Amino acid sequence: MGENEGKKDEADYKRLQTFPLVRSAAKMIKETMDKKFGSSWHVVIGEGFGFEITHEVKNLLYLYFGGTLAVCVWKCS
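Below, the structure written as structure tokens:
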């Protein structure tokens, strides 16, 4: 195994270790938004994704956290 493959495997392993944390964060954000602003909120957290969505006016949040971790929150009915 080459040095680059080892680094890639290590990076993949670190991503897998943080997946439950990201998943629970998305769930927490969704539940909070549903309680505070009504249902139909959706949350995606990850790296390297694009999106094209239909959302209600003034009900879309897209931001980066920590440099590369994107958070997208939107409401549609």
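Heads up: the sequence shown begins at 0 in numbering that gives the first Met the number 0, then just goes up one per residue.
In this text, a Cβ means the ideal position worked out from N, Cα and C, and glycines have one as well.
The model shown is predicted, which means the values in this text are computed figures rather than measured ones.
If you compare alpha carbons, which of W40, Y61 and T67 is closest to C75? When only C-alpha atoms are compared, the closest one is W40.
With a Cβ-Cβ cutoff of 7 Å, do I44 and V70 count as a contact? At a Cβ-Cβ threshold of 7 Å, I44 and V70 count as neighbours.
F18 to M27, Cα distance in whole Å? Near 14 Å, if we compare the C-alpha coordinates of M27 and F18.
Might you give, ordered along the chain, the residues of its own chain that have their beta carbon closer than 6 Å to the beta carbon of A25, omitting 5 neighbours on each side? The beta carbon of A25 sits closer than 6 Å to those of V42 and I44, all from its chain and outside the five residues before and after it, given in chain order.
Do L77 and W73 have their CB atoms nearer than 7 Å? As displayed, the chain neither begins before 0 nor continues past 76, which places residue 77 out of reach and without an answer.
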